Amino acid sequence: MANSGGAMSNAQLFQQMALLRWLSSQTDEDRTFLAAVTGVQVGRELLNRFTGQDKVDAYKRECILRISEFLQQNPQASQADINTEVEKRVLVFATQVKALENAPIF
1 MANSGGAMSN AQLFQQMALL RWLSSQTDED RTFLAAVTGV QVGRELLNRF TGQDKVDAYK
61 RECILRISEF LQQNPQASQA DINTEVEKRV LVFATQVKAL ENAPIF
């Protein structure tokens, strides 16, 4: 999975390095290394899909960002207004996470 800037992830970079090494040498040792690196990457992706942890982390970052934006845009907000905004954003976060329970894995 590439990051938002279009660059390869570390896992993708390692896999491409292993592939390049194997393509250059065609040795069994390099083929085994490529298979191991690819297996780790596939396993990691499957784990993320089963747990939804990547999405949970993204929803968490979004929640924090929205609260931060509110505070920056409303520096004179009362504690009650801040509490209301935080409660609203946490509820959105919880709803998004709850929806993952019914989301398809693939």
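Per the UniProt record's numbering, the sequence shown runs over residues 1 to 106.
For glycine and all other residues, C-beta sits at the position ideal for the given N, C-alpha and C.
What you are looking at is a predicted structure, and each value in this text was computed from that prediction instead of being measured.
*Rounded to whole angstroms, what's the CA-CA distance from A103 to E69? Just pull it up for me.*
Note on geometry: alpha-carbon atoms of A103 and E69 lie some 29 Å from one another.
*Any contact of the segment 51-65 with the segment 94-103, i.e. 3+ C-beta pairs under 8 Å?*
A contact between stretches requires three or more CB pairs, one per stretch, nearer than 8 Å, and the segment 51-65 meets this requirement with the segment 94-103.
*Apart from the five residues just before and just after L19, which ones in its own chain have a Cβ nearer than 8 Å to its Cβ?*
Within its own chain, the residues whose Cβ lies closer than 8 Å to the Cβ of L19, once the five positions on either side in sequence are excluded, are L34, listed in chain order.
*Between which two residues does the alpha helix (DSSP H) containing N10 stretch?*
Start and end: N10 to S25.
*State the DSSP-derived secondary structure class of N74, mapped to helix, strand or coil.*
Here N74 sits in coil by DSSP.
*Check residue 108 in the structure and name its three-state DSSP category.*
One cannot answer for residue 108 here, as it falls past the ends of the chain, which runs 1 to 106.
*asked:* Rounded to the nearest angstrom, what separates F14 and V37 at their Cα positions?
replied: If you take the alpha carbons of F14 and V37, they lie about 7 Å apart.
*Quick one: what does DSSP say G6 is sitting in, helix, strand or coil?*
Three-state result, G6: coil.
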